[in-house]
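> Take a look at the following structure, please.
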Amino acid sequence: MLSESIIFCIQCLFTISQAAPIPYPGFFEQKNLLPPLLRDPLASLVGETCYVSLVEDFNITDTACLKYAFSKALGFGIVFGSAVIKVPQMVTIISKRSAKGLSLASYYLETYAYLIILAYNLRQHNPFSTYGEVVFIASQNVLITLMIFWYARPVADFSMVVKSLLGNLMAFVGVFCILLVPTWIPLWLLSSLYAVTIPMTLASKLPQIHANYINQSTGQLSVFAVLNYFAGTTARVFTTMTELDDSLMLAGNVLASLLNGVLVMQVYLYWGKSMDPATISSTSNPEAKAD
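Quick note on numbering: the sequence shown equals residues -19 to -1, 1 to 272 in mature numbering (1 follows the signal peptide of the UniProt record, and there is no 0).
Set out below in structure tokens:
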């Protein structure tokens, strides 16, 4: 695995540079180089035991702590990256004044699935590094869904557009609030809903994949977002295996990574191809679905 290769390279670094044997616990002089202002957050992040082992004792043979620290760093990298992952998609929609090629069904399914995933993790008190990207992606999905409605309807239907925007926004917020109330949604039911999000998340990719295939183009789909989605879900497989004992989350991340890989392949295959107006899929048009 990539993570194991990275850890092995770290462990062998001093062997290559100093022609010394693989360092053993206590090989380096014990040091405490960080002030409390930096030490305390790091210790709380990776745990006191791993902090002492990796930072103070320089024990780079502690594979378990190296994997855990790498997982934490990777997890927060995913979270920070997700804060802007769909900004290029939104910029593309605004600059082109069009959402052609984007599947409304995909964004609906994905957004509601993420709301369930977020509520599940909050109520399970899981570490933020294992699900934080859901907060940002769900928020950006809501905005993109509203943009699809905005640019799909004629300007003359301004009042209808506003009603659609407000209705969808209230629906998203209302569902999320209900999921957070234990008396309305017991934990066992929320766990069942979380299990349902796995096929929901997978199904959310299928309309977009189908639309790309029918149009033989990815339309206004952001290449940056697709590549980052694939990288993020693939990395999330490692962090879930390292930090959590949750087979549901692991299965969901593995399958999501596979379907995101299909989208990456479509971006490669249809690169540079423009959409034929005669074959534009109706999945990107809310009005077509309403008729």
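Even for Gly, the Cβ is constructed at its ideal location relative to N, Cα and C.
Have a look at V207 and T214 and give me their C-alpha separation to the nearest angstrom.
Their Cα atoms are separated by approximately 11 angstroms.
> Under the assumption that I118 contacts Y95 (Cβ atoms under 8 angstroms), give the Cβ distance between them as a whole number of angstroms.
Going by Cβ atoms, the distance from I118 to Y95 rounds to 6 angstroms, so yes, they are a contact pair.
> Grab me the residues of L146's own chain with a C-beta within less than 8 angstroms of its C-beta, minus the 5 sequence neighbours each way, in chain order.
Once the five neighbours on either side are set aside, the close Cβ partners of L146 are L127, F130 and W131.
> What beta strand (DSSP E) runs, 3 residues minimum, are completely inside the region 50 to 104?
Runs found: none.
> Quick check on Q121: does DSSP put it in helix, strand or coil?
It is helical.
> Taking a contact to mean a Cβ-Cβ separation below 7 angstroms, would you say Q70 touches S203 in this structure?
A contact, by the Cβ cut-off of 7 angstroms.
> Which same chain residues, not among the five before or five after W252, have their C-beta less than 6 angstroms away from its C-beta?
So the list is empty, once near-sequence residues are dropped.
> Which class does S203 belong to by DSSP, given the choice of helix, strand or coil?
Coil, per DSSP.
> Go ahead and pull the three-state DSSP assignment for W252.
In the structure shown, W252 sits in coil (DSSP, three-state: anything other than H, G, I, E or B).
> Quick check on the DSSP output: what are the complete alpha helix (DSSP H) runs of length 4 or more inside the region 166 to 205, in order along the chain?
If we require 4 residues or more, the alpha helix (DSSP H) runs fully inside the region 166 to 205 come out as 168 to 196.
> Under a three-way DSSP split, which group does D21 fall into?
Of the three classes helix, strand and coil, the one that applies to D21 here is helix, per DSSP.
> Give the straight-line distance between the Cα atoms of residue 284 and L170, rounded to the nearest whole angstrom.
There is simply no residue 284 to check, as the chain begins at -19 and stops at 272 in what is shown.
> So what's L146 in DSSP terms, helix, strand or just coil?
If DSSP states are grouped into helix, strand and coil, L146 belongs with the helices.
> Under 8 angstroms by Cβ, that's how I've got V218 and V235 pegged, so tell me the actual separation to the nearest angstrom.
Right, their Cβ atoms sit about 6 angstroms apart.
> Pick helix, strand or coil for G155, following the three-state DSSP scheme.
It is helical.
> Would you call M181 buried or exposed, if buried means 16 or more other Cβ atoms sit within 10 Å of its Cβ?
Classification for M181: buried.
> Which first and last residues belong to the alpha helix (DSSP H) in which Y32 is found?
Y32 -> alpha helix (DSSP H) spans E29 to Y32.
> Go ahead and label M151 buried or exposed: buried means 16 or more other beta carbons lie within 10 angstroms of its beta carbon, across all protein chains shown.
When all chains shown are included, M151 counts as exposed.
> With a 10 Å radius around its C-beta and 16 neighbouring C-beta atoms as the bar for buried, classify S262 as buried or exposed.
Residue confidence for S262 is low, a pLDDT of 46 falling below 50, so the modelled location carries little weight; the figure read from the coordinates is stated next. It counts as buried.
> Quick check on Y175: buried or exposed, where buried means 16 or more other Cβ atoms within 10 Å of its Cβ?
Classification of Y175: buried, given that the 10 Å Cβ count is 16 or more.
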